[in-house]
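Listed in order, the protein sequences are those of chains A and B.
72 is the number of the first residue of the first sequence in the numbering used here; add one for each residue after it.
81 is the number of the first residue of the second sequence in the numbering used here; add one for each residue after it.
Shown next, in structure tokens, is the structure this report addresses.
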Amino acid sequence: MTDFAEAHRPSNLSQTGLSETETERVSYLRAGHSLSSWLFTTDHKRIAILYLISITFFFFVGGAAAALIRLDLLTPKADLLTNEGYNRAFTIHGVIMVWFFLIPSIPNTFGNFLVPLMIGARDLAFPRLNLLSWYIFMLAGLFTLFVLIAGGVDTGWTFYTPLSSMFAHANVVLAATAVFIAGFSSILTGINFIVTTHKLRCPGMTWGRLPLFVWSIYATSLVLVLATPVLSITLVLIAAERLFGLGIFNPALGGDPLLYQHLFWFYSHPAVYIMVLPALGVVSELVAAAAHKPIFGYQFVAGSSLAIAVIGFFVWGHHMFVAGQSMYASAVFSFLSLLVAVPSGIKVYNWTATLYKGHISLDPPFLFAMAFIGLFVVGGLTGLILAMLAVDVHVHDTYFVVAHFHYIMVGGTVSAFFGALHFWWPKMIGRKYSLVWGRLSAIFIFLGFNLTFFPQFLLGYWGMPRRYHVYAPQFQVLHVFSSTGASVLAVAYLVPFLYLFYSMRYGEPAGDNPWPAIGLEWTTPSPPPKHNFAKIPVVSGPPYDYHVEIEGKDG
Amino acid sequence: MVETLVTEPYSDPRQQHDAAMMGMYIFLGNEVMLFGGLFAVALYTRLVHTKEAVAASRALHYGIGGTNTAILLTSSLCIALAVEAGRQGERKLAIRWLIGAIVLGLGFLSLKGYEYLEEFQEGLMPFTGFDTAIKTPVQHLYMDLYLIATGLHALHMVIGVGLLAYLVIGLSKRWIVVPERAITLIVVGLYWHFVDAVWVFLYPVLYLAR
């Protein structure tokens with residue numbers, strides 16, 4: 072800082088919200104290089120980077136468990152893992168992927184980074200709470216790793232009673248504690264996003280002008296805040312049963328094991344939408360930017376996010392069609408589950424209509440978005456099959472279910488996560504990466520994914536139950552296909568980290584708006600300065616205000 | 081509005097105040113869901129096993145519960161007065177009302193502890209080996225729910241008393257300045273009223289379901 076600037080520094084800088092030093096005004100990445108400048112930051116962009124690093128780490132831990140599972144399934148016999156070991160491998164895969172990758176993935180990294188930028192704010196509503204939420208998340212993560220080292224859990228990620236409460240001899244209470252703690256991180260993040268969206272929109276940023284990504288993060292946050300506490304109390308009940316013998320779920324003591332499933336899925340089905348709603352928001356952004364057209368049916372795409380969030384609360388019973396719940400309840404849950412297809416369908420049709428006659432650029436973000444749409448449609452349609460009462464009896468607890476939710480969670484959410492990473496990377500880091508490598512990895516992720524999980528639909532339909540590692544020999548061919556696909560997928564997931572890291576040092580500067588796309592985040596420098604906007608922007612037009620060609624006018 | 085300290089990322093005191101209030105209300109909405117699961121289970125038990133649930137409810141000391149209800153409601157009055165004093169900038173008065181609420185809160189917890197002890201001696205506590213007076217599985221479930229729900233509420237009370245103590249220390253050491261930072265009092269006050277309201281529902285659901 073020059074002497075002149077020092078002399079003319081306003082005295083109430085913390086109140087004006089402007090960055091204090093010249094370097095902070097240049098880029099948030101340069102505002103301090105010490106470890107403490109990262110670990111004690113309240114800058115939403117730096118916290119997003121902290122989350123990005125930690126969830127990437129957990130993604131690879133969960134991926135390693137998946138690799139063990141797929142290796143073991145190469146042969147019908149148990150050669151690699153013991154029965155116990157296999158149970159522990161898929162449990163840790165599920166727990167880590169669900170609570171330490173999928174749920175925080177897009178909201179906590181891209182939501183943190185983008186929501187304030189997209190609505191024209193200098194930070195989230197509660198910056199310190201945001202940092203606290205990362206620390207809570209890390210504490211929960213370390214707990215989980217400790218459970219892993221201490222021998223793991225064998226109940227499956229669902230912790231079903233009475234297995235988890237009366238029979239499992241593993242660290243159920245520790246694992247439940249880890250998930251319980253992670254819940255607080257989710258809740259704090261959710262509160263922060265909701266209040267930010269309500270209170271910190273810049274002048275002119277009305278609800279009808281919010282970017283669709285913000286809409287989907289908003290809907291996700293509602294689910295986070297309202298569903299997570301139910302999981303918390305459920306895990307408390309499990310711990311109370313294991314530690315003090317309070318048998319809420321133990322029939323011998325008057326309890327009800329099925330009650331656990333009700334309480335668990337009351338959280339965990341909405342949690343599925345926590346995982347996929349942000350991905351839907353990302354794809355809306357990618358599609359509009361790739362087509363260079365206004366999004367088709369903005370109100371419907373925004374409203375469908377809220378509709379999915381609301382309906383998602385009333386479908387939990389479809390996990391219990393064969394668990395002995397009332398037939399009438401099952402019929403209602405079946406109908407409500409089918410209803411989710413309506414808002415999901417609205418989104419897919421509107422994306423397609425947006426692309427129609429657009430000037431599409433085949434850049435990596437677009438390819439990831441297309442991979443998402445394809446896989447999401449397959450996952451969604453097979454979801455309808457599972458929601459049918461009669462069909463579900465046949466495929467319940469088989470690989471059909473495994474394939475279905477991996478199409479949504481991995482095919483959908485992970486593709487969208489990579490799409491978001493490729494789309495906003497130039498904004499976050501300020502450098503361009505190799506587009507060729509980006510396209511290649513998008514294509515190979517799509518192919519590898521299908522090779523891994525499509526055979527599992529067949530396996531499930533022909534009767535291969537989930538969570539078995541010793542199976543009938545006729546299933547082996549398909550399992551070998553699946554494991555081969557998994558290794559393609561593993562390589563395709565690793566490659567982006569190479570060229571993205573490479574771009575951090577050797578990539579050419581990205582410029583403010585490399586794609587070029589419309590949105591407040593693209594009006595800031597790349598990477599943005601510490602306080603995002605030197606002057607709070609004023610919005611005067613609709614969102615996605617791309618130039619529209621009208622036939623006969625512009626050719 | 082009196083001069084409020086405005087911190088990043090806000091530019092307007094009103095906006096900052098509204099954001100804090102909204103954040104707290106959403107947090108309390110989330111707390112409602114935390115207790116909501118337990119209430120749903122308790123009401124369902126009452127509905128399906130009416131006779132046994134009523135019998136289990138009769139074994140509880142509704143007198144102690146009733147006294148505690150009165151204590152808690154009075155403590156909420158103290159909090160309301162403390163918050164009002166804080167908004168007016170009457171630091172000492174706010175401290176006095178807060179101490180009053182702390183005393184009542186501790187009174188509630190002691191009485192609750194005494195009640196647990198009584199139940200333990202009567203053989204009503206649902207721990208293996210000590211549940212001598214529990215006759216039916218439904219009563220066992222009822223007492224499980226009772227213990228977990230009131231225990232969770234007591235935990236909230238402990239946190240609440242801790243927060244009030246924090247306010248008292250902050251106000252007397254003057255690192256919470258009123259009326260500029262009265263929002264801290266208001267938000268903690270909301271939490272206290274919420275914990276109070278949970279009890280107002282717990283009491284009839286558990287003790288008076290007869």
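Every residue, glycine too, gets a C-beta built ideally from N, C-alpha and C.
Values in this document were obtained by computation on a predicted structure and should not be read as measured data.
Name the chain B residues whose beta carbon is nearer than 8 Å to that of Ile252(A)? The contacting residues do not exist; Ile252(A) stays about 15 Å from chain B at best.
Under 8 Å: do the region 248 to 260 of chain A and the region 290 to 310 of chain A share three or more Cβ pairs, one atom per stretch? Yes, the region 248 to 260 of chain A touches the region 290 to 310 of chain A.
Tell me Thr469(A)'s beta-bridge partners as DSSP assigns them. When DSSP reads this structure, Thr469(A) sits in a beta bridge with Pro536(A).
In angstroms, rounded to a whole number, what distance separates the CA positions of Ala137(A) and Thr162(A)? Cα to Cα, the separation comes out at about 10 Å.
Which one or two residues does DSSP pair with Arg502(A) in a beta bridge? As computed with DSSP, Arg502(A) is found in a beta bridge with Pro580(A).
Return yes when the Cβ of Ser401(A) is within less than 8 Å of the Cβ of Gly388(A), no when it is not. In this structure, Gly388(A) sits near Ser401(A), with a CB-CB distance shorter than 8 Å.
Taking a contact to mean a Cβ-Cβ separation below 8 Å, would you say Ala362(A) touches Thr267(A) in this structure? No, the pair does not count as a contact, with Cβ atoms beyond the cut-off.
Cα-Cα separation, Tyr478(A) to Tyr564(A): If you take the alpha carbons of Tyr478(A) and Tyr564(A), they lie about 16 Å apart.
As a quick exercise: from Phe476(A), Trp109(A), Phe439(A) and Met480(A), pick the residue whose alpha carbon is nearest that of Phe494(A). Comparing Cα positions, the closest option is Phe439(A).
Rounded straight-line distance, which links the Cα of Ala290(A) to that of Ser355(A): Between the alpha carbons of Ser355(A) and Ala290(A) lies a gap of roughly 15 Å.
Could you pull out every unbroken alpha helix (DSSP H) segment of at least 4 residues lying fully inside the region 151 to 217 of chain B, listed in chain order? Listed in chain order, the complete alpha helix (DSSP H) runs (minimum 4 residues) inside the region 151 to 217 of chain B are 171 to 201.
Interface residues of chain B around Gly316(A) at Cβ under 7 Å? Under the 7 Å cutoff, chain B gives Phe207 and Thr208.
Jot down the residue ranges of each uninterrupted alpha helix (DSSP H) in the region 334 to 397 of chain A, minimum 4 residues, whole runs only, in chain order. Here the runs fully enclosed are 369 to 382.
Are the C-beta of Ala99(B) and some C-beta of chain A separated by less than 8 Å? True, the Cβ-Cβ gap to chain A drops below 8 Å.
Quick check on DSSP: helix, strand or coil for Ile256(B)? DSSP, read as helix, strand or coil, puts Ile256(B) in coil.
Supposed contact pair Pro341(A) and Val403(A) - C-beta distance, whole angstroms, cut 8 Å: Going by Cβ atoms, the distance from Val403(A) to Pro341(A) rounds to 17 Å, so no, they are not a contact pair.
In whole angstroms, what separates the C-alpha of Val609(A) from that of Cys273(A)? The straight-line gap from Cα to Cα measures roughly 6 Å.
Does the CB of Met237(B) have a neighbour CB from chain A at under 8 Å? No, Met237(B) does not count as interfacial toward chain A.
Select from Ala149(A), Lys116(A) and Gly482(A) the residue whose C-alpha is nearest the C-alpha of Glu592(A). Residue Lys116(A) is the option with its Cα nearest to Glu592(A).
Please check if any C-beta of chain A sits within less than 8 Å of the C-beta of His220(B). Closer than 8 Å: yes.
Leu506(A) to His269(A) span [Cα, whole Å]: If I take the Cα positions, the gap works out to 37 Å.
Can you tell which of Val358(A), Phe264(A) and Phe488(A) has its C-alpha closest to the C-alpha of Met102(B)? It is Phe264(A) whose Cα lies nearest to the Cα of Met102(B).
Just the Cα atoms here: how many angstroms apart are Gly223(A) and Ile456(A)? Rounded to the nearest whole angstrom, the CA to CA distance from Gly223(A) to Ile456(A) is 34 Å.
Three-state secondary structure assigned by DSSP to Phe320(A): Secondary structure at Phe320(A): coil, using DSSP grouped into helix, strand and coil.
Report the residue from Ile589(A), Ile621(A), Pro600(A) and His602(A) whose alpha carbon sits nearest the alpha carbon of Pro614(A). Closest by alpha carbon: Ile589(A).
Establish whether the CB of Glu260(B) and some CB of chain A are separated by less than 8 Å. The beta carbon of Glu260(B) does not come within 8 Å of any beta carbon belonging to chain A, so the residue lies off that interface.
Could you check what DSSP says for Met102(B) in three-state terms: helix, strand or coil? It is helical.
Chain-ordered chain A contacts of Leu118(B) [CB-CB under 8 Å]: Under the 8 Å cutoff, chain A gives Ile304.
Would you grab the beta carbon distance between Phe517(A) and Ala474(A) for me? Rounded to a whole angstrom, and I think it's under 8 Å. Phe517(A) to Ala474(A), Cβ: 15 Å. No contact.
Does the beta carbon of Ala76(A) come closer than 8 Å to any beta carbon on chain B? Since pLDDT at Ala76(A) reaches only 39, below the 50 mark, its modelled position is unreliable, and no value is offered.
At what residue ranges does the region 396 to 421 of chain A contain a whole run of the alpha helix (DSSP H), taking only runs of 4 or more? Taking only runs of at least 4 residues, the alpha helix (DSSP H) segments lying wholly in the region 396 to 421 of chain A are 398 to 410.
Quick check: what's the CA-CA separation for Thr73(A) versus Val97(A)? Confidence is the limiting factor: at Thr73(A) the pLDDT is only 38, short of 50, which leaves the residue's position unreliable, though a coordinate-based value still follows. Each residue's alpha carbon lies about 15 Å from the other.
Nearest neighbour of Phe572(A), chosen from Lys606(A), Lys503(A), Val551(A) and Pro587(A) [CA to CA]: Selected option, being the one with the closest Cα: Lys503(A).
Within 10 Å of its beta-carbon, does Met81(B) have 16 or more other beta-carbons around it, so buried, or fewer, so exposed? Any reading at Met81(B) needs caution, since the residue's pLDDT is 43, under 50, leaving its predicted position unreliable; the model's value is listed next. Around the beta carbon of Met81(B), fewer than 16 other beta carbons sit within 10 angstroms, so the residue counts as exposed.
How many Å lie between Gly451(A) and Gly556(A) at the Cα? A direct Cα-to-Cα measurement between Gly451(A) and Gly556(A) gives close to 21 Å.
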